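To start, the structure under review is shown below, and the notes come after it.
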Ligand SMILES: Cc1cc2nc3c(=O)[nH]c(=O)nc-3n(C[C@H](O)[C@H](O)[C@H](O)COP(=O)(O)O)c2cc1C
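Residue numbers (UniProt numbering): 1 to 274.
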């Protein structure tokens, strides 16, 4: 049987020119955690790392909530269908946040009102940039945590029911939940998942759709690598599939989608048409 061989980037961390790149190349999602608490100094460093991420227009348009209330954690875990996150010693919900800036503006100049047409913190662009900010901050925290030997899982599923999250976390208008991040000492050691061939994902100057030849060759090889990875390394009982087959099974599967997000985004005061 053709055994899966780890791709170069994950075996040869020795090729990484420094610790930062080694941390990035060895990154993988952790979904099982020791119950050991994380000390306050480490938490401070993780939060500071997130705060130093780049921020669009210097608006600082994101926030995060560290969730410590066991009832809230349980509700979030249930809604996300990710019960293991109740075991993680740290859980954050990252938020796109234009509320703080809107409040600062109101305090600075009470004559300016959010209902004015010229107010832009509720626009589609502001919503998008605040999302970008939140994602970058989360990624900085994830990398910082990984560099300290901690493991993380990013959680898109925390917004399975955005209205529920908005209610239980008391999110005011102009604040929208983006992603969760659970962090803890890893209680598992999964191999990094294979990534696509470089040339299939990173282009020069213009977009390159895969040719039939690419699909047959480089991407075909990736298909086989993914198949072998699942067969030999991961869910040994799960159906064995190539990447193309996984995508075929998901691309038309309503369970992989979400009910339309626009109503809850609108409820939070953003106007994506603006
Ligand atoms: C935006 C985003 C949302 C994600 N949401 C979840 C999630 O809700 N539950 C989960 O178990 N993993 C989640 N993940 C982790 C991905 O499943 C994981 O990154 C992917 O399978 C690749 O595996 P790796 O991180 O080990 O390389 C998410 C990742 C991203 C980037």
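Virtual Cβ for every residue (Gly too), placed ideally from N, Cα, C.
What you are looking at is a predicted structure, and each value in this text was computed from that prediction instead of being measured.
- Taken atom to atom, the span from the alpha-carbon of residue 152 to that of residue 67 is near 15 Å.
- For a cut-off of 8 Å, the C-beta gap from residue 165 to residue 122 is around 20 Å, too long to register as a contact.
- DSSP places residue 97 within a strand segment (E or B) once states are collapsed to three.
- Distances from the CB of residue 153 to the heavy atoms of ligand 1 include at least one below 7 Å.
- Check the Cα spacing between residue 25 and each of 215, 81, 192, 271: the tightest is with 192.
- Setting aside the 5 residues that flank it on each side, residue 129 is surrounded in the same chain by 56, 57, 59, 61, each with a C-beta closer than 8 Å to its C-beta; the list follows chain order.
- For residue 178, DSSP assigns no beta-bridge partner whatsoever.
- A direct Cα-Cα distance of roughly 48 Å separates residue 208 from residue 69.
- Taking a cut-off of 8 Å for Cβ pairs, the stretch 18-32 and the stretch 45-56 do not touch, as fewer than three such pairs fall below it.
- Beyond the five residues adjoining it in sequence on each side, residue 120 comes within less than 7 Å, by CB distance, of 126 in the same chain, given in chain order.
- Rounded to whole angstroms, the separation of the alpha carbons of residue 266 and residue 97 is 14 Å.
- Taking C-beta atoms as the reference points, residue 79 and residue 160 count as a pair closer than 8 Å.
- Residue 77 is classed as buried because its beta carbon has at least 16 other beta carbons within 10 Å across all chains shown.
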